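Worksheet: the structure to be examined is printed underneath.
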Amino acid sequence: MMDALGEPQGVLVLGGSSEIAIATVLALPRGRLRRVVLAGRPSPALDEAVATLNKAMIPGVEVMDFDASDTSQHADVVDRAFDGGDIDVALLAFGLLGDQAAAEADPDAAVEVATVNYTGAVSVGLRVAARLRQQGHGTLVVLSSVAGDRARRSNFVYGSTKAGLDAFAQGLGDALHGTGARVLIVRPGFVRTKMTTGLDEAPMTIDPQDVAKIIVTALRKGKETVYAPGPLRFVMAGLKSVPRPLFRKLPL
Amino acid sequence: MSTMTSPLERLPGERTLTGWGRTAPSTAVVRAAMSVDDIRASITSAGGRGILARGLGRSYGDAAQSGGATVLDLSAMDRIELDVAAGTATVGAGVSLDAVMRALIPHGWFVPVTPGTRMVTVGGAIAADVHGKNHHRDGTFGSHVQSMTLVDGRGEVRVLDQVSTPTEFWATVGGMGLTGVITEATFDLIPITSSRISVDTVRTRDLDHVMDLMLSGDDAYRYSVAWVDSVHPSGRGVLTRGDHAGAERLTGAAAQDPLAFDPKVLASAPPLIPNGLVNPLTMRAFNEAWFRKAPKQRDGELQHIAEFFHPLDIVQDWNRAYGPQGFLQYQFAVPDAAGQLVGEALAALRGVGALSALTVLKRFGAANPGPLSFPQPGWTLAVDVPAGVDGLGPVLDRLDEQVLAAGGRLYLAKDSRMSPAMMAASYPRLAEWQRQRDAMDPDGVFTSDLARRLSL
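Protein chains in written order, with the numbering used here: chain A, 442 to 693; chain B, 116 to 571.
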């Protein structure tokens, strides 16, 4: 149960090796934490995430095998996560950036990005939402992206999956209104993570720890949508209104 | 149109519930129980998230809510029956003490114990084992209950009393609604000849002053409570003590109807309250005014029962003054030897700017046999604090440790943030209570957000 000071007891991370998600777990008030479930594909990155949480003395860390693209196992993973105790915060944090040129050359690669980022999120998101709704409280945090706000020539495959995910999360939040369960949509800009290593940094680039702080504050205040960093909201509002003939010429 | 029902759809009767502090909401299906059979049916058909009875929602934290559960509203269980010969009343669990007082005071009877609000139900008063200004002499509400009817976790109707079923009785008194659904209770009444209290008031200069007066003089009074200025570093305050006034004390128009009792709600907090209405400036002003309005010393003043016991009931929904972030009440009990914790707690809260309007200090008398009953001999301090204060959590956690080290504990009807470890350590009879609860509710039908949060 979340307490009166907004301290959670149960946390579920879908995409357990996500740097933003791990930074968020570390940024949450931890005085009442008793269970943190990291669901992800077995990998050195997942092991490292577990080690990071252990080193930070986060109690009750559990690992569950979870593959976003294998939707057949999602029901089982979600049930096991919730049967072990109420989940106050569920972070939907998995995602593939992919390579735009490669995706254009090999549509199967584009399908993989779409499957993980969108199809997988829809599959597990609906199941998590149903369980949150059953327990009458809890927040699903969806890691969307500013890339979904407007499709760009340079990464529209990724951007389109995030646009779909974002629209899904908005509708899901509205569906859950009044049920005690909530959805928080997070739209980060460029974040320095392993996913973006080697890419040129965009203006307003931030670290996973910055996103984490924004998420924790938004959870406490019960927000529905946040940008990371916050001022990106205005940048994106501006970009969305740029006419396409001009937009496609912008160096984005 | 789809014929499927979405698992995300809101259910009929679903409501978002919080405690009086308006923190940590959860949603449940609220169902009005019209009869004992209704309650039995709810229990035997309970879903995985269980059942909980809720009264008037005056517990500050999450005791009367249970996310995803079926929450029973017992307002239809509204019987009030006076037995003049026995000096007892038999009252439905959903009846408020307000209704009990309105019905019984004109007949010359008062409730054995009243908390600082009349807006609690009889069922809630037993489940939280509430105390009042007479605890140092008369104990808790639960100790005046002669018998009660309860539907247990198997749906069986049981009559509990202190003599033939002491284990079940005391597991239920202070059991936070987790042993069953109380449907009615018979409790002792205090005979009175007027609806007035004869009150002695003293303005106290500091904490030592008020604590000395209470230690030396409380035994001479049935009722005693001190308000403490949480802003002023001295801990100055106002001590009010009294007892029921005899009808012969009344004069003029009041003497015509000495048992008149018809308290009014004078105001309701406005629907939209600006953020930050409760801030250091307003708290300073409120504390100053509250101190100044009390006489330096006055003996034998006649106050109406409502004025003496329930000053806040005049403003409906005053809890909304704390704004959308809500507030919490920190109430601990410690033995006399740890009386210095009262001043230390006030200083620690002042240190983070957590200023309180309502800081109440009181002496507790003997504890009763209830394993989860809160009062124990010594001091109790209750402080209201806005939940949004930065750094509040760590300060309260440190106070928890001091309370625990002193052999004290926190009041479950007020708690909204202690840790399960604090709960288990400060209520050493928790395991004993859990065994008794398991016997009465083997399938774990009764649960609450509080029970889940504290692993009760």
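Where a beta carbon is used, it is the ideal one built from N, C-alpha and C, also for glycine. The structure presented is a predicted model; accordingly, all values stated were derived computationally and were not measured.
Counting only Cβ pairs nearer than 7 Å, list the residues of chain B close to residue i.
i	result
residue 517 of chain A	Under the 7 Å cutoff, chain B gives no residues; its nearest Cβ is about 17 Å from residue 517 of chain A.
residue 527 of chain A	567
residue 514 of chain A	Under the 7 Å cutoff, chain B gives no residues; its nearest Cβ is about 19 Å from residue 514 of chain A.
residue 703 of chain A	One cannot answer for residue 703 of chain A here, as it falls past the ends of chain A, which runs 442 to 693.
residue 616 of chain A	123
Taking Cβ-Cβ distances shorter than 9 Å, what residues in chain A pair up with residue i?
i	result
residue 502 of chain B	445, 446 and 447
When burial is assigned at 16 or more other CB atoms within 10 Å of the CB, is residue i buried or exposed?
i	result
residue 186 of chain B	buried
residue 682 of chain A	exposed
residue 234 of chain B	buried
residue 606 of chain A	buried
residue 412 of chain B	exposed
residue 533 of chain A	buried
residue 444 of chain B	buried
residue 529 of chain B	buried
residue 548 of chain A	exposed
residue 434 of chain B	buried
residue 640 of chain A	exposed
residue 578 of chain A	buried
residue 662 of chain A	exposed
Could you list which residues in chain A have their beta carbon closer than 8 Å to that of residue i, in chain order?
i	result
residue 513 of chain B	Under the 8 Å cutoff, chain A gives no residues; its nearest Cβ is about 11 Å from residue 513 of chain B.
residue 436 of chain B	Near residue 436 of chain B there are no residues of chain A at all, since even the closest Cβ is about 17 Å away, more than 8 Å.
residue 582 of chain B	Here chain B comprises residues numbered 116 to 571, so residue 582 of chain B is not present and cannot be evaluated.
residue 136 of chain B	445
Are the beta-carbon atoms of residue i and residue j separated by less than 8 Å?
i	j	result
residue 507 of chain A	residue 455 of chain A	yes
residue 405 of chain B	residue 306 of chain B	no
residue 230 of chain B	residue 304 of chain B	no
residue 449 of chain B	residue 456 of chain B	yes
residue 245 of chain B	residue 256 of chain B	yes
residue 614 of chain A	residue 604 of chain A	no
residue 364 of chain B	residue 417 of chain B	yes
residue 494 of chain A	residue 504 of chain A	no
residue 463 of chain A	residue 490 of chain A	yes
residue 166 of chain B	residue 238 of chain B	no
residue 143 of chain B	residue 170 of chain B	no
residue 164 of chain B	residue 181 of chain B	yes
residue 358 of chain B	residue 351 of chain B	no
residue 292 of chain B	residue 242 of chain B	yes
residue 323 of chain B	residue 563 of chain B	no
At a CB-CB cut-off below 7 Å, which residues of chain A make contact with residue i?
i	result
residue 564 of chain B	442
residue 443 of chain B	445
residue 182 of chain B	576, 577, 578 and 621
residue 176 of chain B	445
Anything in chain B within Cβ reach of residue i, meaning under 8 Å, just list it in chain order.
i	result
residue 695 of chain A	The requested residue 695 of chain A does not occur in the structure, where chain A is confined to residues 442 to 693.
residue 620 of chain A	123, 125, 129 and 142
residue 570 of chain A	123
residue 659 of chain A	Residues of chain B passing the Cβ test: none, with the nearest at roughly 14 Å.
residue 470 of chain A	508
Let's see if you can read the secondary structure: which residues bound the beta strand (DSSP E) around residue i?
i	result
residue 263 of chain B	260 to 266
residue 451 of chain A	451 to 455
residue 147 of chain B	141 to 147
residue 314 of chain B	311 to 319
residue 132 of chain B	129 to 132
residue 297 of chain B	296 to 303
residue 685 of chain A	Note, residue 685 of chain A: premise wrong, no beta strand (DSSP E); alpha helix (DSSP H) at 685 to 688.
residue 166 of chain B	166 to 169
residue 669 of chain A	666 to 669
What in chain B is Cβ-close to residue i, meaning under 9 Å?
i	result
residue 500 of chain A	The contacting residues do not exist; residue 500 of chain A stays about 11 Å from chain B at best.
residue 450 of chain A	535, 567 and 568
What are the boundary residues of the alpha helix (DSSP H) that includes residue i?
i	result
residue 342 of chain B	Taken as a continuous stretch (DSSP letters only), residue 342 of chain B belongs to no alpha helix (DSSP H), being part of the beta strand (DSSP E) at 338 to 343.
residue 287 of chain B	281 to 287
residue 512 of chain B	507 to 520
residue 676 of chain A	673 to 681
residue 543 of chain A	541 to 546
residue 328 of chain B	322 to 332
residue 396 of chain B	395 to 408
residue 565 of chain B	564 to 568
Those runs of the alpha helix (DSSP H) which lie wholly inside the segment 549 to 621 of chain A and span at least 4 residues: 562 to 576 and 597 to 617
Could you name each continuous alpha helix (DSSP H) segment of 4 residues or more that falls completely within the segment 414 to 501 of chain B, going from the start of the chain to the end? 420 to 424 and 455 to 466
Going residue by residue through the segment 347 to 373 of chain B, where are the continuous beta strand (DSSP E) segments of at least 3 residues, counting only ones entirely within it? 352 to 359
What residue ranges within the segment 183 to 254 of chain B form continuous alpha helix (DSSP H) runs of no fewer than 4 residues, ordered along the chain? 212 to 219, 237 to 242 and 250 to 253
Complete runs of the beta strand (DSSP E) confined to the segment 463 to 518 of chain A [at least 3 residues]: 476 to 481 and 502 to 506
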